[in-house]
Amino acid sequence: MPNGEEDRRHQQPPMMFISKSEQQQKLANSSAEKVDVGKVILEEQNRTKDLLVQLLQPTGVENMLKNLEAKVIEQDIHWRTVVQAKDKELTLLKSAGAVGQ
């Protein structure tokens, strides 16, 4: 196990003991690393966004089901109208005495 003194020897010296060019190089490297990390994060966000867009796109099956649902609703409305008209007709015939009550 290394003791505290050995750990201190392996640490980098404080910025005040580093030459100006070394400081600039460290800052440049740090900035480059931050840019690289930023690019990776942005790429990952774009991939996530693309996946979400794909998931939110309706599939062929979903579109087919929506079309079928619309047709069922349309047929339901049609036949309800037909039944209402026939009920009215039957009521009129009953009131005229044409149909046995």
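Take any residue in the sequence shown, note its place counting from 1, add 84, and you have its number in this note's numbering. Heads up, the beta-carbon is just placed ideally off N, CA and C, and yes, glycines get one too. On a predicted model such as this, the values are computed, not experimentally measured, just so you know.
Quick one: is the Cβ of alanine 169 within less than 7 angstroms of any heavy atom of the ligand COA? Summarising the ligand content, the structure contains no ligands, and the ligand COA is consequently not present.
Segments assigned alpha helix (DSSP H), at least 4 residues, entirely inside the segment 96-162: Those alpha helix (DSSP H) runs which fall completely within the segment 96-162 and span 4+ residues are 104-140.
Reduced DSSP category for alanine 182 - H, G, I as helix; E, B as strand; rest coil: In this structure, alanine 182 counts as coil in the three-state DSSP scheme.
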